[in-house]
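Trainee: Residue numbers (my numbering): 7 to 141.
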Amino acid sequence: MLINETPPHVRRIDTDREDAYAFEVTGHISAADMENMYGLLEGAYELHERIDVIVLIHDYEGLDWGAAWKEQTIRGKNRAIKHIRRYAVVGGPGWIKPLITLSKPFLSMKMRHFEPEEIEAAWEWIGARPLPGPA
Numbered sequence: 007m008l009i010n011e012t013p014p015h016v017r018r019i020d021t022d023r024e025d026a027y028a029f030e031v032t033g034h035i036s037a038a039d040m041e042n043m044y045g046l047l048e049g050a051y052e053l054h055e056r057i058d059v060i061v062l063i064h065d066y067e068g069l070d071w072g073a074a075w076k077e078q079t080i081r082g083k084n085r086a087i088k089h090i091r092r093y094a095v096v097g098g099p100g101w102i103k104p105l106i107t108l109s110k111p112f113l114s115m116k117m118r119h120f121e122p123e124e125i126e127a128a129w130e131w132i133g134a135r136p137l138p139g140p141a
């Protein structure tokens, strides 16, 4: 049996709403991780005009900044602006909260940062709950 030595650092979490998408982000975020997340979101936009998103960040070890500015990533960010109603971020590095605060006036989506201990409030804010994982 083969074991994946480098599992993805972005994992989708199923929710109790078809138009609510949740992701867990851990470790170092690579170009492949970003493409994976934007690919999942692109699929969501095909199914729903507007969606709500929650991103749970823990054990963050950095980001491939070169990939963050690739054309495909920028296109994904631009499409997200048109389709995301509410965007909640839980945890993450210290620069996340100020970035969200600075971005709010320029974006049509509602955005909020929550501390890790406020995870229940974040789920409430987007109006969804995580589904239990496989046993």
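Note that beta-carbon positions come from the ideal geometry of N, C-alpha and C, so glycine has one too. Just so it is clear, the structure is predicted and the values come from calculations on it, not from any experiment.
Just the C-alpha distance for Trp-71 and Met-117, rounded to the nearest angstrom, thanks.
Mentor: Between Trp-71 and Met-117, the C-alpha separation is close to 22 Å.
Trainee: Out of Ile-19, Asp-65, Arg-92, state which residue places its alpha-carbon closest to the alpha-carbon of Ile-33.
Mentor: The question names Ile, yet the displayed sequence has Gly at residue 33. Minimum Cα distance to Gly-33 is reached at Asp-65.
Trainee: Since I believe Ile-35 is in contact with His-54 (beta carbons under 8 Å), could you give me their beta-carbon distance rounded to a whole number of angstroms?
Mentor: Not a contact, Cβ separation roughly 25 Å.
Trainee: Taking only runs of the beta strand (DSSP E) that begin and end inside the segment 18-79, which ones reach a length of at least 3 residues, in chain order?
Mentor: Qualifying beta strand (DSSP E) stretches, in chain order: 26-35, 57-69.
Trainee: Is the beta carbon of Asp-58 closer than 9 Å to that of Tyr-93?
Mentor: A contact, by the Cβ cut-off of 9 Å.
Trainee: Pull up the DSSP beta-bridge partners for Lys-116, would you.
Mentor: Per DSSP, Arg-92.
Trainee: For Ala-134, collect the residues of the same chain with a Cβ closer than 8 Å to its Cβ; drop the 5 residues on either side in sequence, then sort them by chain order.
Mentor: Correct list, in chain order: Thr-21, Asp-22, Arg-23, Ala-26, Ala-28, Asp-58, Ile-60.
Trainee: Grab me the residues of Arg-91's own chain with a C-beta within less than 8 Å of its C-beta, minus the 5 sequence neighbours each way, in chain order.
Mentor: Closer than 8 Å at Cβ, skipping near neighbours: Arg-56, Ile-57, Asp-58, Met-115, Lys-116.
Trainee: Do Leu-46 and Ile-87 have their beta-carbon atoms positioned less than 9 Å apart in this structure?
Mentor: No, Cβ-Cβ distance for Ile-87 and Leu-46 is not below 9 Å.
Trainee: With DSSP as the reference, label Pro-136 as helix, strand or coil.
Mentor: It is a strand residue.
Trainee: Since Pro-136 and Ile-63 are thought to touch, with beta carbons under 8 Å apart, how far apart are those beta carbons, to the nearest angstrom?
Mentor: Incorrect: roughly 15 Å between the Cβ atoms, too far for contact.
Trainee: Is it buried or exposed for Gly-97, if we count other Cβ within 10 angstroms and need 16 for buried?
Mentor: So Gly-97 ends up on the buried side.
Trainee: Verify whether the separation of the beta carbon atoms of His-119 and Ile-106 is less than 9 Å.
Mentor: Contact: yes.
Trainee: Pull the bridge partners of Gly-97 from the DSSP assignment, please.
Mentor: Answer by DSSP bridge pairing, in chain order: Ile-63.
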